[in-house]
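Residue numbers (my numbering), protein chains in the order written: chain R, 41 to 356; chain F, 206 to 582.
Each residue gets a CB set at the ideal place from its N, CA and C atoms; glycine is no exception.
Below you can see the structure in the form of structure tokens.
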């Protein structure tokens with residue numbers, strides 16, 4: 041392997057900048073989207089159209105005291121936000137932004153992202169357990185209870201794409217779609233993917249583990265200041281990863297006319313993120329048992345049947 | 206299909222899996238200082254014990270230590286979302302006791318303002334219920350329209366929340382004529398916006414599955430627990446004080462009492478949505494038939510009712526309010542008793558929450574439209 045220390049450092053800084061910048065933009069965007077959907081403007085004061093609002097909030101959050109509850113499991117409590125963020129950070133590595141812009145072309149990049157995504161749930165569980173708060177515990181337990189219901193359909197989605205392409209490499213998958221995007225061949229799968237990914241990122245209407253009206257704030261009830269903002273950072277970075285994966289798997293990655301590849305990738309990613317924000321600000325929350333039966337009884341059969349049909353078509 | 210598990214275990218069989226969860230007094234789902242101690246088995250509720258009294262202010266005793274006009278503003282602090290109904294109930298009770306006449310114009314303005322207040326209360330409930338179900342946008346949509354009503358009411362009453370507008374024998378001041386046209390304009394615009402509410406929420410499949418068959422109240426239970434208002438009508442019993450014991454000239458208006466047979470959260474939701482439309486009808490009819498005239502009859506400066514007792518029932522946005530006054534002939538009431546709708550309605554919550562998921566219990570609580578200061582009073 042021919043990787044110089046300098047390029048590794050460069051990519052690390054690049055990813056860190058991307059994670060931070062992405063969170064700043066997404067938090068601002070979410071508040072703007074929410075505002076405009078609710079007949080109001082959203083943040084307007086700090087900077088033009090409030091673009092610097094997140095920065096101001098970030099400074100406030102960083103300067104706040106990190107309150108640790110007396111009875112909390114201190115090591116776990118402090119570890120949880122980091123466990124939640126680091127895997128997401130690492131999952132940025134194999135994500136291709138264009139044919140050339142990619143931190144590391146990994147031949148099992150897809151599997152790596154899926155595996156690291158699971159670790160995020162561990163962070164939520166740790167937070168729920170370590171906080172020693174019943175609401176937080178319920179939130180953490182919910183996060184774990186729902187894993188299988190969405191991970192299996194998600195994995196089958198991904199497997200179908202892998203089967204169509206014959207590669208685990210995200211770059212190869214994107215290149216293989218030169219003839220036509222996968223979403224054209226697998227529209228149903230795309231819908232299943234978007235639903236499972238909304239579940240995976242704990243976004244409304246599936247935000248069980250932080251369900252505000254039920255669990256106060258769920259797993260991060262006891263977190264303040266930086267602990268809270270790390271969870272936030274993880275959530276928004278995870279949205280970015282999930283949308284990035286959707287872009288590569290279904291929307292042909294960086295491919296598009298006229299504009300450079302990186303721009304196309306970002307346009308596609310933020311369109312999908314906008315879709316997820318749209319869900320959040322229009323739907324009420326699903327009940328957890330409804331979500332579980334939806335995952336097992338609808339998403340799983342659909343993705344399985346789709347998988348088998350695809351396999352049959354490919355074999356012909 | 207009712208999915209609730211029937212708890213076969215009781216609380217004396219404490220296992221390690223059971224725990225007590227304090228829902229409130231500060232919890233976003235209880236809309237006030239209500240505390241519910243939930244005994245849980247995982248996500249299922251074994252038993253729910255509401256703990257009341259965090260907002261107790263001895264409203265009845267306060268009224269007994271004051272003259273009749275002095276007690277008037279206090280009454281409106283009980284149900285801050287339907288303050289005009291309380292205002293009306295107190296005024297009507299004293300008027301009934303002293304046998305004061307009320308001019309027709311005053312009666313009609315009272316009906317118009319009370320019904321507008323009812324709509325604003327139902328709108329806030331609509332938003333808050335969806336907030337309980339996890340949807341945030343409906344809340345702000347409802348508040349946008351509620352704001353218009355508050356502006357209209359502010360203009361005539363002088364306040365935006367705890368109105369104290371009615372006086373014994375009528376109203377303190379007449380209403381500007383252009384106000385009626387503005388109310389009509391609001392109704393016209395609101396009728397156009399009302400389908401949007403249904404588009405956003407009523408037809409939503411997630412909402413439907415969250416509300417359908419959740420928290421079913423049978424008519425027998427509804428009557429037995431003394432429920433009233435939209436909860437009672439959502440269980441198939443079409444009792445409305447405005448229809449069955451008309452006051453303030455409600456017998457003049459042509460309106461329906463919406464009833465839903467299902468008794469679940471969706472039934473209560475539908476009843477309230479239909480009630481909004483009926484209230485709009487009533488306001489339209491009242492404005493259409495309003496005539497010039499005095500708004501206050503001659504009443505003595507010192508209110509000193511004869512010895513006796515009176516009970517006055519009024520339909521507030523939450524149900525039947527009864528104000529019972531015993532007068533001993535002095536200028537202060539001897540005994541005051543408020544029969545408040547929220548208190549009676551809350552009594553069935555423990556029964557409904559048993560065996561339900563936490564999320565469903567909060568949906569049930571949201572569908573009941575509680576005002577906790579009214580419960581505690």
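Check: Collapsed DSSP secondary structure at residue 266 of chain R in the structure displayed; Outcome: helix
Check: The segment 193–207 of chain R in contact with the segment 226–236 of chain R per 3-pair CB rule at 8 Å; Outcome: yes
Check: Cβ neighbours of residue 331 of chain R in the same chain (closer than 8 Å, five flanking residues each side left out); Outcome: 186, 189, 239, 246, 248
Check: Residue 415 of chain F at chain R interface by Cβ criterion, 9 Å; Outcome: yes
Check: Test: residue 137 of chain R CB closer than 9 Å to a CB of chain F; Outcome: no
Check: Residue 462 of chain F vs residue 438 of chain F beta-carbon contact at 9 Å; Outcome: yes
Check: Neighbour list for residue 336 of chain F in chain R, Cβ cutoff strictly below 8 Å; Outcome: 253
Check: Alpha-carbon spacing of residue 539 of chain F relative to residue 338 of chain F, whole angstroms; Outcome: 45 Å
Check: Buried versus exposed call for residue 353 of chain R [16 or more other C-beta atoms within 10 Å across all chains shown]; Outcome: exposed
Check: Residues near residue 106 of chain R by beta carbon distance below 7 Å, same chain, minus five either side; Outcome: 264, 265, 266, 267
Check: Near-chain F residues of the segment 310–328 of chain R (beta-carbon distance less than 7 Å), N- to C-terminal order; Outcome: 321, 322, 323, 324, 325, 326, 327, 328
Check: DSSP-derived helix/strand/coil call for residue 456 of chain F; Outcome: helix
Check: First and last residue of the uninterrupted alpha helix (DSSP H) at residue 322 of chain F; Outcome: 309–337
Check: Buried/exposed call for residue 459 of chain F, threshold 16 Cβ in 10 Å; Outcome: exposed
Check: Residue 336 of chain R, DSSP secondary structure in three states; Outcome: helix
Check: Beta carbon of residue 315 of chain F nearer than 9 Å to that of residue 371 of chain F; Outcome: yes
Check: Nearest-angstrom Cα separation, counted from residue 487 of chain F out to residue 509 of chain F; Outcome: 34 Å
Check: Beta-carbon gap between residue 69 of chain R and residue 313 of chain R smaller than 9 Å; Outcome: yes
Check: Residues bridged to residue 59 of chain R [DSSP beta-bridge criterion]; Outcome: Bridge partners of residue 59 of chain R: none, in fact.
Check: Cut-off 7 Å between Cβ atoms - residues of its own chain near residue 49 of chain R, not counting five sequence neighbours on either side; Outcome: none
Check: Nearest-angstrom beta carbon gap, residue 259 of chain R and residue 167 of chain R [assumed within contact, 8 Å]; Outcome: 4 Å
Check: Classification of residue 307 of chain R by the beta-carbon crowding that lies within 10 angstroms, buried from 16 upward; Outcome: exposed
Check: CB-CB length for residue 322 of chain F against residue 376 of chain F, believed under 8 Å; Outcome: Contact flag wrong, Cβ pair sits at about 15 Å.
Check: Short Cβ contact (9 Å threshold) for residue 498 of chain F with residue 309 of chain F; Outcome: yes
Check: Contacting residues, own chain, Cβ-Cβ under 8 Å from residue 281 of chain R (five flanking each side not counted); Outcome: 128, 131, 132, 135, 153, 157
Check: Neighbour-count burial assignment, residue 242 of chain R, 16 or more Cβ in a 10 Å radius; Outcome: buried
Check: Exposure label - residue 244 of chain R; buried when at least 16 CB within 10 Å; Outcome: buried
Check: contact_flag[the segment 294–305 of chain F, the segment 517–533 of chain F] where n(CB pairs < 8 Å) is 3 or more; Outcome: yes
Check: C-alpha gap between residue 570 of chain F and residue 411 of chain F, whole angstroms; Outcome: 18 Å
Check: According to DSSP, residues forming a beta bridge with residue 223 of chain F; Outcome: F:246
Check: Start and end residues, alpha helix (DSSP H) containing residue 182 of chain R; Outcome: 174–185
Check: Sufficient close CB pairs (3 or more, under 8 Å) joining the segment 330–346 of chain R to the segment 81–91 of chain R; Outcome: no
Check: Cα-Cα separation, residue 342 of chain F to residue 247 of chain F; Outcome: 30 Å
Check: Inter-residue Cα distance where the pair is residue 536 of chain F and residue 363 of chain F; Outcome: 27 Å
Check: Neighbour-count burial assignment, residue 288 of chain R, 16 or more Cβ in a 10 Å radius; Outcome: buried
Check: Those residues which DSSP pairs with residue 517 of chain F across a bridge; Outcome: F:528
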